[in-house]
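Chemist:
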Amino acid sequence: MANAYDQAHSLSLSDPASFWGKAAEDIHWVKRWDKVLDESNPPFYRWFVGGELNTCYNAVDRHVDAGHGDRLAIIYDSPVTGTKRQITYAELKQLVASFAGVLADQGVTKGDRVIVYMPMVPEALVAMLACARLGAVHSVVFGGFAANELATRINDAKPTVVVAASCGVEPSRVVAYKPLLDEAIRVATHKPARCVILQREQLRCDMVEGRDVDWAEAVANARPHDCVPVLATDPLYILYTSGTTGQPKGVVRDNGGHAVALKWTMKAIYNVEPGEVYWAASDVGWVVGHSYICYGPLLHGCTTVVFEGKPVGTPDAGTFWRIISEYNIPILFTAPTAFRAIKKEDPNAEFLAKYDMSHFRTLYLAGERADPNTITWARNNLKVPVIDHWWQTETGWAIAANCMGLHEFPVKLGSPSKAVPGWDVQALGENKEQMPPGQIGALVCKLPLPPGTLPTLWNADERFRNAYMDEYPGYYKTGDAGFVDEDGYVYVMTRTDDIINVAGHRLSTGAMEEVLANHPDVAECAVIGVHDDMKGQMPLGFMVLKAGVAKPKEEVVKEAVKMVRDTIGPVAAFKQALVVPRLPKTRSGKILRGTMQKIADHQDYKMPATIDDPDILPEIEEALQEIGLAR
Ligand code: COA
Ligand code: AMP
Numbered sequence: 001m002a003n004a005y006d007q008a009h010s011l012s013l014s015d016p017a018s019f020w021g022k023a024a025e026d027i028h029w030v031k032r033w034d035k036v037l038d039e040s041n042p043p044f045y046r047w048f049v050g051g052e053l054n055t056c057y058n059a060v061d062r063h064v065d066a067g068h069g070d071r072l073a074i075i076y077d078s079p080v081t082g083t084k085r086q087i088t089y090a091e092l093k094q095l096v097a098s099f100a101g102v103l104a105d106q107g108v109t110k111g112d113r114v115i116v117y118m119p120m121v122p123e124a125l126v127a128m129l130a131c132a133r134l135g136a137v138h139s140v141v142f143g144g145f146a147a148n149e150l151a152t153r154i155n156d157a158k159p160t161v162v163v164a165a166s167c168g169v170e171p172s173r174v175v176a177y178k179p180l181l182d183e184a185i186r187v188a189t190h191k192p193a194r195c196v197i198l199q200r201e202q203l204r205c206d207m208v209e210g211r212d213v214d215w216a217e218a219v220a221n222a223r224p225h226d227c228v229p230v231l232a233t234d235p236l237y238i239l240y241t242s243g244t245t246g247q248p249k250g251v252v253r254d255n256g257g258h259a260v261a262l263k264w265t266m267k268a269i270y271n272v273e274p275g276e277v278y279w280a281a282s283d284v285g286w287v288v289g290h291s292y293i294c295y296g297p298l299l300h301g302c303t304t305v306v307f308e309g310k311p312v313g314t315p316d317a318g319t320f321w322r323i324i325s326e327y328n329i330p331i332l333f334t335a336p337t338a339f340r341a342i343k344k345e346d347p348n349a350e351f352l353a354k355y356d357m358s359h360f361r362t363l364y365l366a367g368e369r370a371d372p373n374t375i376t377w378a379r380n381n382l383k384v385p386v387i388d389h390w391w392q393t394e395t396g397w398a399i400a401a402n403c404m405g406l407h408e409f410p411v412k413l414g415s416p417s418k419a420v421p422g423w424d425v426q427a428l429g430e431n432k433e434q435m436p437p438g439q440i441g442a443l444v445c446k447l448p449l450p451p452g453t454l455p456t457l458w459n460a461d462e463r464f465r466n467a468y469m470d471e472y473p474g475y476y477k478t479g480d481a482g483f484v485d486e487d488g489y490v491y492v493m494t495r496t497d498d499i500i501n502v503a504g505h506r507l508s509t510g511a512m513e514e515v516l517a518n519h520p521d522v523a524e525c526a527v528i529g530v531h532d533d534m535k536g537q538m539p540l541g542f543m544v545l546k547a548g549v550a551k552p553k554e555e556v557v558k559e560a561v562k563m564v565r566d567t568i569g570p571v572a573a574f575k576q577a578l579v580v581p582r583l584p585k586t587r588s589g590k591i592l593r594g595t596m597q598k599i600a601d602h603q604d605y606k607m608p609a610t611i612d613d614p615d616i617l618p619e620i621e622e623a624l625q626e627i628g629l630a631r
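Going by the working numbering, the first residue of the sequence shown is number 1, and it counts up by one from there.
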């Protein structure tokens with residue numbers, strides 16, 4: 001007899017409409033859908049066509065109506081500000097309804113966009129849910145991005161309103177958000193009509209007369225707003241993610257498919273029950289934060305945790321264990337880099353021994369390749385299953401995982417286990433042929449993708465096709481390379497484009513190159529991701545200076561590092577660059593970034609057959625050795 005996973009996976013592929021139609025019964029609909037899956041216009045698939053619902057109603061009001069108003073919805077724990085706060089579902093409903101009233105007072109209506117630029121405070125979730133309540137489309141921008149990145153998103157999303165906080169709090173400094181917002185609006189071509197600002201006591205900010213509205217004052221005067229029904233296919237949010245250029249991709253998420261899929265994953269993948277506490281230690285600015293700090297746990301009636309701090313240093317490497325023990329948390333989801341940081345500080349897990357972890361069930365990791373050392377260390381010390389799972393901003397939830405609520409398979413180190421129901425993952429070769437088990441190819445997913453995945457890119461249908469759909473007709477191109485083994489385990493090895501993964505954050509080296517190329521002394525440049533023991537990868541720049549530049553190299557490097565930080569933001573973690581006489585290229589002029597990366601990471605490399613001048617590689621090696629890289 002097939003296990004529950006095999007049954008679910010096979011039905012989800014043979015009859016997706018029946019599989020997801022059943023899952024959709026778990027969601028409250030204002031109007032039931034006419035059709036589960038509309039396949040009439042590939043590759044633009046639509047889920048639950050004709051259905052109407054409100055995502056905020058499903059995430060908040062529904063639980064209050066069901067008599068769970070006293071259940072905790074949000075636990076806020078902020079070691080960086082020394083604050084703790086608990087919010088019940090009834091209180092959350094009131095906060096969200098009032099803030100929806102504020103947004104409505106500022107002119108926000110169904111379909112309007114609202115940019116949310118907030119640190120990890122409960123108000124970030126309140127703002128997101130208030131948008132959902134009105135049928136408005138939120139676009140959350142991570143606080144570690146600089147003004148220019150924020151401006152790019154403002155120009156693309158064209159928000160009616162921006163919601164921001166006066167500051168964020170990093171362990172070593174208070175980050176003033178408001179000047180970044182003011183600068184972004186100054187340089188943006190689109191001007192939002194209003195900004196609603198949450199004044200935080202760590203750093204209050206100046207307000208722009210006639211444009212800025214104080215959060216607290218506005219809420220005090222607002223009338224609560226009810227949930228506005230939207231079509232299942234209407235957008236819930238846009239989340240920008242790194243593309244191959246400086247122009248980020250606006251990943252669109254719909255309302256209906258998203259609610260159905262996320263609710264389903266809470267039991268099937270995470271094996272968590274309503275009323276339990278679910279903690280994703282990420283940031284609302286990333287997709288993990290959207291799906292598993294905000295929507296997933298709340299749709300499922302769980303308590304979610306808003307953690308404003310770091311795994312180490314706030315105040316020590318025991319913070320995660322303190323929180324898990326204090327709030328009786330069975331599930332933690334974070335990036336491997338957080339565990340590498342803890343392991344570095346506390347290799348013998350001495351902090352762990354201080355806390356009662358007896359109720360802790362499972363650790364989930366995602367966001368980057370989980371290295372076997374990290375998994376083994378976590379498993380040996382926590383003594384619970386450690387589940388790696390693979391997903392992307394585009395997919396919104398896991399493509400491959402060990403679905404703990406369906407069937408627990410043995411873990412194979414280095415693999416995020418099997419394709420989740422809904423996903424047909426294949427590795428294709430250069431001629432688009434299916435690779436035999438164990439052989440590396442481009443990882444692709446057969447269309448249609450399951451609900452909750454990106455229906456398109458914001459105002460960019462053509463880019464959606466080019467980026468994901470055109471190269472392998474009938475498949476979604478993940479941009480990752482890897483293989484599927486004889487047992488159906490997926491292995492994700494590397495990106496096939498210029499995206500790198502720094503501390504679980506997705507960054508584009510192309511975007512950094514665009515910044516370096518703007519330095520007046522730089523003739524040409526390249527950025528690669530080099531191995532880093534803690535953050536997984538770190539960006540490293542190479543610059544060739546224009547003839548006649550007399551400035552010391554160190555000065556150019558310092559300026560370049562500052563330019564990237566100022567333009568993209570501290571999150572780019574761009575700290576190192578080298579001035580080199582020449583860059584290695586193919587005869588057709590393509591920079592050999594892959595070879596440079598292999599040299600930097602001490603990997604064996606073959607001299608590329610197409611290299612123009614092989615003598616350049618030793619020059620690169622020498623420059624890398626000067627900063628302690630390469631052999
Ligand atoms: N607002 C402003 N600045 C921010 C920020 C925010 N919300 N988040 C990060 N930054 C800054 C940091 O202060 C740092 O600045 P610095 O160069 O002046 O030190 C810079 O951006 C780089 O941040 P990061 O790469 O995260 O490094 P870190 O040393 O601050 O923290 C980790 C490293 C591993 C502890 C942290 O990244 C982490 O906890 N990651 C795991 C969880 C996670 O984020 N997952 C995401 C996907 S699941
Ligand atoms: P993001 O869109 O920021 O979630 O980043 C998605 C990318 O992170 C994927 O395309 C992978 O390259 C990488 N990634 C995420 N999860 C994993 C994982 N479990 N194993 C390997 N790579 C991963």
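We put the CB at the ideal spot given by N, CA and C, even for glycine.
This one's a predicted model, so the numbers in the text were calculated from it and none came from an experiment.
What are the boundary residues of the beta strand (DSSP E) that includes Gly479?
Modeler: Unbroken beta strand (DSSP E) run through Gly479: 475-484.
Chemist: Along the chain, where does the beta strand (DSSP E) containing Pro235 start, and where does it finish?
Modeler: It spans 235-241 - the beta strand (DSSP E) in which Pro235 sits, taken as one unbroken run.
Chemist: Is the segment 404-422 in contact with the segment 382-390, if contact means three or more CB pairs nearer than 8 Å?
Modeler: At 8 Å Cβ cutoff, the stretches touch.
Chemist: In angstroms with no decimal places, state the Cα-to-Cα distance between Val162 and Arg113.
Modeler: The alpha-carbon atoms of Val162 and Arg113 are separated by roughly 9 Å.
Chemist: May I have a chain-ordered list of the beta strand (DSSP E) segments no shorter than 3 residues that lie completely inside the segment 441-468?
Modeler: Correct list: 441-446.
Chemist: Answer yes if the segment 507-524 comes into contact with the segment 474-482, meaning at least three C-beta pairs across the two stretches below 8 Å, and no otherwise.
Modeler: These segments do not touch.
Chemist: Closer than 8 Å is the cut-off here; do at least three beta carbon pairs connect the segment 108-127 with the segment 136-144?
Modeler: With a cut-off of 8 Å, the segment 136-144 and the segment 108-127 count as touching, because enough Cβ pairs lie within range.
Chemist: Run the CB neighbour count on Ala467, radius 10 Å, all protein chains shown included, and call it buried at 16 or more, exposed below.
Modeler: Counting Cβ neighbours within 10 Å, Ala467 comes out buried, since at least 16 surround it.
Chemist: May I ask whether a heavy atom of the ligand AMP can be found less than 7 Å away from the beta carbon of Gln426?
Modeler: Answer for Gln426: no, Cβ out of range of the ligand AMP.
Chemist: Quick one: is the Cβ of Ala370 within less than 7 Å of any heavy atom of the ligand AMP?
Modeler: Within the cutoff, so yes.
Chemist: For the candidate residues Leu181, Gln199, Leu198, Asn328, whose alpha-carbon lies nearest to that of Pro192?
Modeler: Nearest C-alpha to Pro192: Leu181.
Chemist: Between the beta-carbon of Arg379 and the beta-carbon of Ile331, is there less than 8 Å?
Modeler: No; because the gap between Cβ atoms is not below 8 Å, this pair is not in contact.
Chemist: How many Å lie between Ala124 and Pro43 at the Cα?
Modeler: For Ala124 and Pro43, the distance between alpha carbons rounds to 33 Å.
Chemist: So Val484 packs on Ala442, CB below 8 Å; how close in whole Å?
Modeler: Not a contact, Cβ separation roughly 12 Å.
Chemist: Just how far apart, CA to CA, sit Asp206 and Ala164?
Modeler: Rounded to whole angstroms, Asp206 to Ala164 spans 13 Å at the Cα level.
Chemist: Which of the three DSSP states is assigned to Gly69 in this structure?
Modeler: Gly69: coil per DSSP, three-state reduction.
Chemist: Quick one: what's got a C-beta closer than 7 Å to Ala151's C-beta in the same chain, skipping five residues either side?
Modeler: Result list for Ala151: Ala184, Val187, Ala188, in chain order.
Chemist: Less than 8 Å between the C-beta atoms of Phe48 and Gly296, yes or no?
Modeler: No, the Cβ-Cβ distance between Phe48 and Gly296 is not below 8 Å.
Chemist: Can you tell me whether Asp254 is buried or exposed? The criterion is at least 16 other CB atoms within 10 Å of its CB, across all chains shown.
Modeler: Buried, by the Cβ-count rule.
Chemist: Could you check which residue in Val108, Asp38, Asn148, Val64 has the C-alpha nearest to that of Leu134?
Modeler: Considering only alpha carbons, the answer is Val108.
Chemist: So what does DSSP say about Pro122, is it helix, strand or coil?
Modeler: The answer is helix: DSSP assigns Pro122 an H, G or I state.
Chemist: Between the alpha carbons of Leu198 and Cys302, how many angstroms are there, rounded?
Modeler: Their Cα atoms are separated by approximately 26 Å.
Chemist: Ala366: beta carbon under 7 Å from a heavy atom of the ligand AMP?
Modeler: Flag set: Cβ of Ala366 near the ligand AMP.
Chemist: Tell me whether His389, by its Cβ, gets closer than 7 Å to a heavy atom of the ligand AMP.
Modeler: Yes, since a heavy atom of the ligand AMP falls inside the 7 Å radius drawn around the Cβ of His389.
Chemist: Could you pull the start and end residues of the beta strand (DSSP E) that Gln247 belongs to?
Modeler: Gln247 -> no beta strand (DSSP E), and no H or E assigned at all.
Chemist: In chain order, what residues of the same chain lie with their CB nearer than 7 Å to the CB of Met120, ignoring the 5 residues before and after it?
Modeler: Asp283, Val284, Val306, Phe307, Glu308, listed in sequence order.
Chemist: Give a yes or no on whether the C-beta atoms belonging to Gly144 and Val571 are separated by under 8 Å.
Modeler: Cβ atoms of Gly144 and Val571: closer than 8 Å.
Chemist: For Asp320, which residues in the same chain have their Cβ closer than 6 Å to its Cβ, ignoring the five residues on either side in sequence?
Modeler: The sequence given here has Phe at residue 320, not Asp. Excluding positions up to five away in sequence, the list reads Pro311.
Chemist: Counting only the same chain and skipping the five closest in sequence on each side, list residues whose C-beta sits under 8 Å from that of Ala73.
Modeler: So the qualifying residues of the chain are Val60, His63, Ile87, Thr88, Tyr89, Glu91, Leu92, Leu298, Thr303, Thr304.
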